[in-house]
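Participant: Heads up, our numbering is the position in the sequence shown plus 25, with the first residue counted as 1.
From the three backbone atoms N, C-alpha and C, an ideal C-beta is built for every residue, glycine too.
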Amino acid sequence: MKRLPPLIALAYLEAAARTRSFAAAAKELHVTPAAISQQIKALESYLGVQLFVRHHRRVSLTPAARAALPGLAEGFATLAEAVDQIRLFGESEWVVTVCAEPLFATKWIVPRLHHFYERCPEAEVRLQASLNTIDCVRNGLPGEAEFKRAGIDLSVRLGYGEYTDLDAELLLPLEVTPMCSHAVSRKLAAPESLLEKPLLCDRSLSRLDDPPGWQEWFQRVGVTPDKALREQRFGNGLLALEAAIAGQGSILGSVALLKSEIDSAHLAVPFDSTIPCPQAYYVTSYQQGLERPVARMFRDWLLESADQS
């Protein structure tokens, strides 16, 4: 390996070159502008080349500094990522970070989570709920780099299962059917009765290529509404679900996903007719992340729990 100058001097150079300011670099690195200037001068002497042109209260980059900046920025980003990976195997040995769509995280993972802790009491599950786990399109999906950058070990994604550089296993296929409160259900004599109240919709699913909707369900049961559907849209599935529980209308929901709400009598399933969805829930991960035992254990537990349900 070629001899490198002190790493701290290179860090000061990267910050000063990126911000075009010794003062801004000093503020970012929590040192004084004089310390930045001193390290830059030492580095220029070490390398035998001028890196900055000093003006009154400002600096400009020389061609040498401009040429070095992209490589320095990439190098420090790589170093930071490598250190993060070391930390994963150190102080956070039993911490697993999982990201899932809000409805799935709240209504499927959380009610079952105590079973995982019974299996692995040393673990700490950091569960994040994010709409970013809904795949907008079939291509251009998150990969290993995005997982590492977000500090995520596993992600339960709602999509099509087309992942290029991620390990993905089918977790929960989806079929949806109308669901509503028991008070509303008792007034539904036929599928047409659903039209008397708002049809509640999860607007976040509109980012899917072909989301399942009320129009498709009514076609399945042979109902042709004589006017436009009266839909009420919510920002995510949790909000739509709470509106349904409160008796404000009906949602299209998955029995497998919302089993806890049905078992607790918060929701009723008035009609025995479902439509299949082209999307499903997949548990996704990257190979290096699965080298940590706690991540593998949580992935295996998710898959086993889905099989049992």
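Considering only DSSP beta bridges, list what G278 is partnered with.
Facilitator: Per DSSP, T202.
Participant: Which ranges does the alpha helix (DSSP H) cover as unbroken runs of at least 4 residues, wholly within the segment 82-139, from first to last along the chain?
Facilitator: Fully enclosed alpha helix (DSSP H) runs of 4 or longer: 88-113.
Participant: Output the boundary residues of the alpha helix (DSSP H) element that contains V319.
Facilitator: It spans 318-333 - the alpha helix (DSSP H) in which V319 sits, taken as one unbroken run.
Participant: For a quick check, are the C-beta atoms of R28 and L179 less than 9 Å apart?
Facilitator: Their beta carbons are not under 9 Å apart, which means R28 does not touch L179 by this criterion.
Participant: Can the beta-carbon of G274 be found closer than 9 Å to that of L196?
Facilitator: Result no, Cβ atoms of G274 and L196 do not sit closer than 9 Å.
Participant: Cβ atoms of T309 and Y188: under 9 Å apart, would you say?
Facilitator: Contact: yes.
Participant: With burial defined as no fewer than 16 other Cβ atoms inside 10 Å of the residue's Cβ, what is the status of E126: buried or exposed?
Facilitator: Looking at its Cβ environment, which holds 16 or more other Cβ atoms inside 10 Å, E126 is buried.
Participant: If you run the structure through DSSP and keep just helix, strand and coil, what is H207?
Facilitator: DSSP places H207 in helix when its eight states are reduced to three.
Participant: Identify the continuous beta strand (DSSP E) that holds Q153 and give its terminal residues.
Facilitator: Its beta strand (DSSP E) spans residues 149-154.
Participant: Figure out for me which residue from V121, V181, L191, A105 has the closest Cα to the Cα of R174.
Facilitator: Cα-wise, what sits closest to R174 is A105.
Participant: Among the candidates F77, L38, L128, whose CA atom is the shortest distance from the CA of E267?
Facilitator: Per the Cα distances, L128.
Participant: In this structure, does DSSP put P58 in helix, strand or coil?
Facilitator: Looking at P58 - three-state DSSP - the assignment turns out to be helix.
Participant: For D251, count neighbouring Cβ atoms within 10 angstroms of its own Cβ and tell me buried if that reaches 16, exposed if not.
Facilitator: So D251 ends up on the exposed side.
Participant: Quick one: what does DSSP say I287 is sitting in, helix, strand or coil?
Facilitator: I287: helix per DSSP, three-state reduction.
Participant: Using alpha carbons as the reference points, say which of P136, V181, P58 lies closest to N157.
Facilitator: With distances taken between Cα atoms, N157 lies closest to V181.
Participant: Among the residues of its own chain, which have a CB less than 7 Å from the CB of P237, if the five just before and after it don't count?
Facilitator: For P237, where only same-chain residues beyond five positions count, the Cβ hits under 7 Å are V201, L277, I300, C302.
Participant: Quick check on L32: does DSSP put it in helix, strand or coil?
Facilitator: Here L32 sits in helix by DSSP.
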